[in-house]
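**Student:** Input: one structure, supplied below.
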Amino acid sequence: MVAQNLEEIVSLCKRRGFIFPNAEIYGGLQGIYDYGPLGVELKNNLKTAWWKSNVYERDDIYGLDSAILTHRKIFYYSGHESTFADLLVDCKQCKKRWRLDHLIDGKCEACGSTNLTEPRAFNMMFKTTMGPVEDLDAFAYLRPETAQGIFTNFKNIMDTMSPKLPFGIAQVGKAFRNEITPRNFIFRVREFEQLEIEFFVKPGEDEKWHQYWVESRLVWWKNQGLNTERLKLLTQSTSELAHYAKATVDILYKFPHGFEELEGISNRTDYDLGSHTQGQNELTIHAKVSVNKESIAKLSVQDPPGSHFIPYVIEPSAGLDRGVLAILTEAYEEETLKDDKKRLVLKIRPHLAPVKVAIIPLKRNDSLLVEKAKTLKSSIQALGLGRIAYEDTGNIGKSYRRHDEIGTPLCITVDFDTINKSENSQNHDTITVRDRDTMQQTRIHLSHLEEYIKNYFL
1 MVAQNLEEIV SLCKRRGFIF PNAEIYGGLQ GIYDYGPLGV ELKNNLKTAW
51 WKSNVYERDD IYGLDSAILT HRKIFYYSGH ESTFADLLVD CKQCKKRWRL
101 DHLIDGKCEA CGSTNLTEPR AFNMMFKTTM GPVEDLDAFA YLRPETAQGI
151 FTNFKNIMDT MSPKLPFGIA QVGKAFRNEI TPRNFIFRVR EFEQLEIEFF
201 VKPGEDEKWH QYWVESRLVW WKNQGLNTER LKLLTQSTSE LAHYAKATVD
251 ILYKFPHGFE ELEGISNRTD YDLGSHTQGQ NELTIHAKVS VNKESIAKLS
301 VQDPPGSHFI PYVIEPSAGL DRGVLAILTE AYEEETLKDD KKRLVLKIRP
351 HLAPVKVAII PLKRNDSLLV EKAKTLKSSI QALGLGRIAY EDTGNIGKSY
401 RRHDEIGTPL CITVDFDTIN KSENSQNHDT ITVRDRDTMQ QTRIHLSHLE
451 EYIKNYFL
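Quick note on numbering: our numbering labels position 334 of the sequence shown as 334, and the sequence is numbered without any gaps.
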């Protein structure tokens, strides 16, 4: 059974070192979280799985890592300065501020009052200045999405990689939004990471590719362990669409607080490339954009030669932090064992598990056992699977319970049979491998261990 409430997830994350409140010793910073030793492994593994699937296993997508600090003109011409906003209301009774669409029945969440101010737009972009002088030329933004860095590098990718349509540019990176009411743990925060692809296609082929990416992304999330019954698609209505979108389909996941967006796949048409293109009147721009007299680039392609047009863009955009929360929610299980004892286990897919294998000597004060266990740890670490843990608590039962809770697929115990070289010993150079999900323990000879582990993970 998956986690039934968010408190279970929050408690596990804090207790086991997945996620901590930021600046906790000073009371915390609302909507900001730090990833601990296990959380950063889980997040990096999910990030790696996404990159492998979308960049390494394809020939038509290129990687990019653009800067977080962003020229203000980018967001002026993209429309974010005028439209990237949520409606804000104040409670006249308790003076709390809320995002209007988060209120139930128009009531203040703090005091229940309906005496609210008229809604007003609140732009969610973080502003900053660069250099010692605070004037308009020094003004910049922390990006609210990674997409614009892709669009402004479109010409660079075209010039250096010579791609042919259709092709994509992928990016993983931090984004920042000054959320009015951050909530639900790491689901809605002010600093987060995005997994984004901008996939460029010919106008007229956009709807076909939009459907392709909706189906492809849904399958990918299922392959990360999310249950089909807890996933669904939602087509946004016209009133819900972002200012740049012709159509958007959201992949929703059933988090502990209900079905919410995990990833959005948008048809952004030629809005973005058109917005940043010099002299748009020379081209057919279907999107409504401001006349751009400042850009020095024409972000168009020739196909066939002599025929210039601006590609349409399909954008699969997922929240990495939301992905982590979905994985934790799905993997969380409390089981009742035969002796009526409870067992908490994270049944994370092996390729995502923060710790792949734990090596545990039966006795922590026996030098031969410890030496053998550490040597084994080094040899398995060299396989390149990810983090391999060495643990010498001296209590096998406690070690098993801990690694069940953090999702470690395999625990290997080095015991006295492993190091017993007597002629009567049949278990010399064998170890015990315990499976997380079944709790089954198997005796394996060290000469077969590498093959066993590779078959399990690869």
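Backbone N, C-alpha and C define an ideal beta-carbon position, used for all residues, glycine too.
Taking 8 angstroms as the cut-off, does the segment 355 to 364 touch the segment 404 to 419 (at least 3 CB pairs, one atom from each stretch)?
**Tutor:** Counting Cβ pairs under 8 angstroms, three or more are found: they touch.
**Student:** Quick check on the DSSP output: the alpha helix (DSSP H) that includes residue 450 runs from which residue to which?
**Tutor:** Here residue 450 is taken as the residue at index 450 of the sequence shown, counted from 1. 446 to 457 is the span of the alpha helix (DSSP H), which, as asked, contains residue 450.
**Student:** Is it buried or exposed for residue 271, if we count other Cβ within 10 angstroms and need 16 for buried?
**Tutor:** In the sequence shown, counting from the first residue as 1, residue 271 sits at position 271. Residue 271 is buried by the Cβ-count criterion.
**Student:** For residue 230, which residues in the same chain have their Cβ closer than 8 angstroms to its Cβ, ignoring the five residues on either side in sequence?
**Tutor:** Residue 230 sits at position 230 when you count from the first residue of the sequence shown. Once the five neighbours on either side are set aside, the close Cβ partners of residue 230 are 2, 253, 254, 330.
**Student:** I'd like to confirm something about residue 420: is its beta-carbon nearer than 8 angstroms to some heavy atom of the ligand COA, or not?
**Tutor:** This structure lacks the ligand COA; in fact it carries no ligand of any kind.
**Student:** Mark residue 144 as exposed unless 16 or more other C-beta atoms lie within 10 angstroms of its C-beta, in which case mark it buried.
**Tutor:** What you label residue 144 is simply residue 144 of the sequence shown in a count that begins at 1. That one is buried.
**Student:** Return the residue from the list 185, 201, 336, 441 that minimises the CA-CA distance to residue 5.
**Tutor:** Locating residue 5 in the sequence shown gives position 5, where the first residue counts as 1. For residue 5, the nearest C-alpha among the options comes from 185.
**Student:** With three or more C-beta pairs closer than 8 angstroms as the rule, is the segment 197 to 213 touching the segment 90 to 101?
**Tutor:** With a cut-off of 8 angstroms, the segment 197 to 213 and the segment 90 to 101 do not count as touching, because too few Cβ pairs lie within range.
**Student:** Thinking C-beta only, is residue 348 closer than 9 angstroms to residue 453?
**Tutor:** Here residue 453 refers to the residue found at position 453 when the sequence shown is read from its first residue. Here residue 348 refers to the residue found at position 348 when the sequence shown is read from its first residue. Against a cut-off of 9 angstroms, the Cβ pair of residue 348 and residue 453 comes out as no contact.
**Student:** Among the candidates 294, 274, 337, 340, whose CA atom is the shortest distance from the CA of residue 308?
**Tutor:** The residue you call residue 308 lines up with position 308 of the sequence shown. That would be 274, whose Cα lies nearest to the Cα of residue 308.
**Student:** Using the rule of at least 16 other Cβ atoms within 10 Å of the residue's Cβ for burial, across every protein chain shown, is residue 15 buried or exposed?
**Tutor:** Locating residue 15 in the sequence shown gives position 15, where the first residue counts as 1. With fewer than 16 other Cβ atoms within 10 Å, it is exposed.
**Student:** Identify whether residue 86 lies in helix, strand or coil by the three-state DSSP scheme.
**Tutor:** By 1-based counting over the sequence shown, the position of residue 86 is 86. In this structure, residue 86 counts as strand in the three-state DSSP scheme.
**Student:** Please classify residue 117: is it buried, with 16 or more other beta-carbons within 10 angstroms of its beta-carbon, or exposed?
**Tutor:** Taking the sequence shown and counting its residues from 1, one reaches residue 117 at position 117. So residue 117 ends up on the exposed side.
**Student:** List in chain order: all unbroken beta strand (DSSP E) runs of 3+ residues lying wholly within the segment 246 to 284.
**Tutor:** The segment 246 to 284 contains these whole beta strand (DSSP E) runs: 247 to 255, 258 to 269.
**Student:** Provide the residue span of the alpha helix (DSSP H) that contains residue 11, from first to last.
**Tutor:** On the sequence shown, position 11 is the one that residue 11 refers to. That run of the alpha helix (DSSP H) goes 6 to 16.
**Student:** Using only CA atoms, which one of 301, 324, 371 lies nearest to residue 155?
**Tutor:** The sequence position of residue 155 within the sequence shown is 155, counting from 1. Of the listed residues, the one whose Cα sits closest to residue 155 is 301.
**Student:** If we count Cβ pairs, one from each stretch, closer than 8 angstroms, do we get three or more for the segment 242 to 250 versus the segment 338 to 348?
**Tutor:** Result no; under three Cβ-Cβ pairs closer than 8 angstroms.
**Student:** Counting only runs that start and end within the segment 125 to 205, where is the alpha helix (DSSP H) found for 4 or more residues in a row?
**Tutor:** Listed in chain order, they are 147 to 152, 154 to 161.
**Student:** Apart from the five residues on each side of it in sequence, which residues of its chain come closer than 6 angstroms, Cβ to Cβ, to residue 446?
**Tutor:** Counting from one through the sequence shown, the residue named residue 446 turns up at place 446. The answer, listed in chain order, is 429.
**Student:** Between the alpha carbons of residue 169 and residue 19, how many angstroms are there, rounded?
**Tutor:** By one-based count along the sequence shown, residue 169 stands at place 169. By one-based count along the sequence shown, residue 19 stands at place 19. So the alpha carbons of these two residues sit roughly 30 angstroms apart.
**Student:** Can you grab the Cα-Cα spacing for the pair residue 313 / residue 150, in whole Å?
**Tutor:** Numbered from its first residue, the sequence shown carries residue 313 at position 313. Numbered from its first residue, the sequence shown carries residue 150 at position 150. Whole-angstrom Cα-Cα distance: 11 angstroms.
**Student:** Relative to the C-alpha of residue 83, which residue among 241, 39, 29, 137 is closest?
**Tutor:** Counting from one through the sequence shown, the residue named residue 83 turns up at place 83. Of 241, 39, 29, 137, the residue nearest in Cα terms is 241.
**Student:** Taking all protein chains shown into account, decide if residue 223 is buried (16 or more other Cβ within 10 angstroms of its Cβ) or exposed.
**Tutor:** Locating residue 223 in the sequence shown gives position 223, where the first residue counts as 1. The residue is exposed, with fewer than 16 neighbouring Cβ atoms inside 10 Å.
**Student:** Rounded to whole angstroms, what's the CA-CA distance from residue 400 to residue 41? Just pull it up for me.
**Tutor:** Locating residue 400 in the sequence shown gives position 400, where the first residue counts as 1. Locating residue 41 in the sequence shown gives position 41, where the first residue counts as 1. Distance between the alpha carbons of residue 400 and residue 41: 19 angstroms.
**Student:** Check whether the Cβ atoms of residue 462 and residue 74 sit closer than 9 angstroms, and answer yes or no.
**Tutor:** Since the first residue of the chain shown is 1 and the last is 458, residue 462 is not available in this structure.
**Student:** Let me make sure I understand the geometry here. Which of 393, 337, 225, 233 has the alpha-carbon closest to that of residue 324?
**Tutor:** Here residue 324 is taken as the residue at index 324 of the sequence shown, counted from 1. Closest by alpha carbon: 225.
**Student:** Bridge partners for residue 317 per DSSP, in chain order?
**Tutor:** Position 317 of the sequence shown, counted from the start, is the residue given in the question as residue 317. 196, 264, per the DSSP bridge assignment.
**Student:** Entirely within the segment 43 to 98 and at least 4 residues each: give me those alpha helix (DSSP H) ranges in chain order.
**Tutor:** Qualifying alpha helix (DSSP H) stretches, in chain order: 72 to 77, 80 to 83.
**Student:** Report the three-state DSSP secondary structure of residue 414 (helix, strand or coil).
**Tutor:** Looking up residue 414 in the sequence shown gives position 414. It is a strand residue.
**Student:** Using alpha carbons as the reference points, say which of 107, 88, 105 lies closest to residue 99.
**Tutor:** One-based indexing of the sequence shown puts residue 99 at position 99. Comparing Cα positions, the closest option is 88.
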